[in-house]
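Numbering (our numbering), first residue to last: 2 to 114.
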Amino acid sequence: MISDIYAVYVKGYRTRSQDVEEGICQVLAHMWLSSKLILGSNVASSSTSTSTVLKRGTGSQYEKKLGEFFKHQIESDISHVYGDGCRAGQQAVHKYGLPSTLNHIQMTGCFPP
């Protein structure tokens, strides 16, 4: 997933509108949070290294609740740029998949219809 984020900014992507740029970032953030919560990994701890978390494979209840809170914030954002952009991005990813959506953004600067 980090390589997907890198690709959006480095590999010749066209100029995007702010809602497309921030929307796809929110989609990727939501996907990352979801994967961490499903795996039971540490979502947000500055005191625990990533390697320790991956070895341990569990996060605290606090970290899980914090992850759910951030997911909810992404899902319920009412702003045009972040909220609407994320919802349009999620719809595109659900319909076409992440690689195809990113390819379409790269070619057109917009989400696929």
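Idealized CB from N, CA, C, for every residue including glycine.
In this structure Gln19 does not touch Val94 by the C-beta definition: roughly 19 angstroms separates them, more than the 8 angstroms allowed. In this structure Glu76 is exposed. Its beta-carbon is surrounded by fewer than 16 other beta-carbon atoms within 10 angstroms.
Distances from the alpha-carbon of Ser36 to those of Lys72, Asn104, Lys96 and Pro113 put Lys72 closest. In this chain, Phe112 is not harboured by any alpha helix (DSSP H), its DSSP state being neither H nor E.
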